[in-house]
Structure formats: C-alpha cells, structure tokens
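Structure record follows, encoded as structure tokens.
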Amino acid sequence: MRVTVEEAEARIAELLRRAEAGERVEVVRDGKPVVELAAAEEAPARCSIRGAMKDEIWIAPDFDDLGPEWDEYLS
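Structure, rendered in structure tokens:
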C-alpha cells in the first residue's frame, strides 16, 4: 500500500494496524518513498547470565589447596 505523507498523518492508526498485520505500507512525498512502515520483529529472548555455563566449566576439588612447597613457607 502506498500513501502520501498527508494521508499517513490522517490515517496513522489504520496504517499502523495494517503494518502490524504484515502489510507493507510505503509513505511517499512528491512520489518518492520517504518511509516504510513494518511490524517490529520480536527481540530474541535474553540468556540469563546466572547459570549460563552450568555443566560447561569444571573446577578440580583441590583447586585452592596449597602445594607441598607452601608447608615449609607457612611453618
């Protein structure tokens, strides 16, 4: 569907409904396209950061144990 800027101003609610329904709505000025109305794409679901790497990272049980070389240093 093609409408002039003036028509778009007068019928904006209708044009938005049509665009939401998937219809292509082109607004023209002096016969040249100015803007095209289209339904916005739904944003993809965001990944929650907490737990995003669950079961992907493994930490050894002795990760924070000091090695035997520290025994002498700490005594």
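Residue numbers (this note's numbering): 4 to 78.
Backbone N, C-alpha and C define an ideal beta-carbon position, used for all residues, glycine too.
Work out the CA separation of E45 and M56 for me, nearest whole Å.
Here the question's residue 56 lines up with position 53 in the sequence shown. Here the question's residue 45 lines up with position 42 in the sequence shown. Each residue's alpha carbon lies about 25 Å from the other.
Excluding five sequence neighbours on each side, which residues of the same chain lie with their C-beta closer than 8 Å to the C-beta of E26?
Residue numbering aside, residue 26 sits at position 23 when the sequence shown is read from its first letter. Result list for E26: M4, in chain order.
Are there 16 or more other CB atoms within 10 angstroms of the CB of A16, so buried, or fewer, so exposed?
Numbered from its first residue, the sequence shown carries residue 16 at position 13. Exposed, because fewer than 16 other Cβ atoms sit within 10 Å of the Cβ of A16.
So E39 packs on V31, CB below 8 Å; how close in whole Å?
Within the sequence shown, the letter at position 36 stands for residue 39. Within the sequence shown, the letter at position 28 stands for residue 31. So it is not a contact: roughly 10 Å between Cβ atoms.
Starting from E26, trace the beta strand (DSSP E) in both directions and tell me its first and last residue.
Position 23 of the sequence shown, counted from the first residue, corresponds to residue 26. First-last for E26: undefined, no H or E at that position.
Can you tell me which of the three DSSP states E59 falls into?
In the sequence shown, the residue the question calls residue 59 occupies position 56. E59: coil per DSSP, three-state reduction.
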